[in-house]
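The structure appears right after this line, and notes come after that.
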Amino acid sequence: MHILAIGGTDSSGGAGLTRDTAMAASLGCGLSPVVTAVTAQTNANVQEIHPVPAKIIEAQLLAALDPASPKPKAIKIGMIGSPAAADLLCKHLPADMPVILDPVLKSTSGKKLMTKETLTPLLQRVSLLTPNLPESHLLSGSSASGERLDHRPLAEALLSLGPKAVLIKGGHDHGESCIDHLWVGTDHHQFSAPRLPHSKRGTGCSLATAIACSLAQGASLVEACRRAKTDVHKWLCS
Ligand code: PLP
Numbered sequence: 015m016h017i018l019a020i021g022g023t024d025s026s027g028g029a030g031l032t033r034d035t036a037m038a039a040s041l042g043c044g045l046s047p048v049v050t051a052v053t054a055q056t057n058a059n060v061q062e063i064h065p066v067p068a069k070i071i072e073a074q075l076l077a078a079l080d081p082a083s084p085k086p087k088a089i090k091i092g093m094i095g096s097p098a099a100a101d102l103l104c105k106h107l108p109a110d111m112p113v114i115l116d117p118v119l120k121s122t123s124g125k126k127l128m129t130k131e132t133l134t135p136l137l138q139r140v141s142l143l144t145p146n147l148p149e150s151h152l153l154s155g156s157s158a159s160g161e162r163l164d165h166r167p168l169a170e171a172l173l174s175l176g177p178k179a180v181l182i183k184g185g186h187d188h189g190e191s192c193i194d195h196l197w198v199g200t201d202h203h204q205f206s207a208p209r210l211p212h213s214k215r216g217t218g219c220s221l222a223t224a225i226a227c228s229l230a231q232g233a234s235l236v237e238a239c240r241r242a243k244t245d246v247h248k249w250l251c252s
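See below:
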């Protein structure tokens, strides 16, 4: 099985396309990387971001989708790089492939990686959006938080932006369990794992990639989210 991963490089190896490739390999899935931005970063900070010119992104994308390349069965998008890159993704993404978009607005170290405006045009074409709680609030414009956070209005606001489904990740929440909430319309599913005392960089990249791999391997969306939660938990424990 094979997926297409569209995103940025991370010179520290902790996140972005390197992490996507490692997760896909651990699940027995091949990956074609389309580089949208080159970053210089460490685990402590993002030092430089260099967006790849749109025509080079387009050339990579068309080559990865060419029949002479391995055929991807799902697409994972992380850092988009520029509004021009978002426009050409809208133009070229095949209509028949599931698209998982991890809206990486900021790195863990706090650097802005992309804006809401950059990813908005793509949202109509997205099968699953995977924001963490801060990203959910930024994208929906909601400021609700805390232990009694009602996920339904948050999910409704995110779904109104265009994606077919949304997975609101609970990593930034509190409590003994880390619970992710999947909403497909009004259908709601929860995936839980014990909250660990530590985190790793690239957790969001890993989850979205693991979902794309399971979809490519034929799983339903609900099953892919369930499996990916377990896959990422295992990696976090390793
Ligand atoms: N750099 C790149 C290129 C990324 O794609 C991402 C996340 O997707 C990050 C940095 C941020 O990763 P983290 O939040 O784990 O630092």
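The numbering used here runs 14 ahead of the 1-based position in the sequence shown. Built from N, CA and C at the ideal position, the CB exists for glycine as well. Small disclaimer: the values here were computed from a predicted structure and weren't measured.
Residue interval of the beta strand (DSSP E) (run including residue i)
| i | result |
| --- | --- |
| L147 | Element bounds for L147: not the beta strand (DSSP E) but the alpha helix (DSSP H), 147 to 154. |
| S206 | 201 to 208 |
| H195 | 191 to 198 |
Distance, residue j Cα to residue i Cα
| i | j | result |
| --- | --- | --- |
| L137 | L175 | 6 Å |
| Q231 | G199 | 24 Å |
| G185 | L235 | 20 Å |
| G44 | M37 | 10 Å |
| A100 | C192 | 31 Å |
| P86 | H106 | 14 Å |
| Q266 | A54 | Because the chain in this structure spans residues 15 to 252, residue 266 falls outside the shown range and cannot be described. |
| T8 | V180 | Here the chain has residues from 15 to 252 only, and residue 8 is not among them. |
| P167 | L115 | 20 Å |
Reduced DSSP secondary structure (H/G/I, E/B, other) of residue i
| i | result |
| --- | --- |
| P86 | coil |
| K120 | strand |
| V17 | The amino acid at residue 17 is misidentified as Val; the sequence shows Ile. In this structure, I17 counts as strand in the three-state DSSP scheme. |
| S40 | helix |
| G22 | strand |
| K70 | The sequence given here has Ile at residue 70, not Lys. Note: I70 maps to helix in three-state DSSP. |
| P135 | helix |
| K178 | coil |
| K125 | coil |
| A54 | strand |
| P167 | helix |
| S141 | coil |
| S157 | coil |
| I91 | strand |
Beta-carbon gap between residue i and residue j smaller than 7 Å
| i | j | result |
| --- | --- | --- |
| L31 | G21 | yes |
| S46 | L18 | yes |
| K183 | S141 | no |
Where the alpha helix (DSSP H) through residue i begins and ends
| i | result |
| --- | --- |
| P97 | 97 to 106 |
| A242 | 235 to 251 |
| H212 | Careful: H212 lies outside any alpha helix (DSSP H) and carries neither H nor E. |
Distance cut-off 6 Å: residue i Cβ against heavy atoms of the ligand FAD
| i | result |
| --- | --- |
| A222 | Of the ligands one can find in the structure shown, namely the ligand PLP, none is the ligand FAD. |
Would you call the segment 234 to 251 and the segment 201 to 213 touching, i.e. three or more CB-CB distances under 8 Å? yes
If you pair each beta-carbon of the segment 111 to 127 with each one of the segment 211 to 224, do three or more pairs fall below 8 Å? The segment 111 to 127 makes contact with the segment 211 to 224: 3 or more CB pairs, one atom from each, lie closer than 8 Å.
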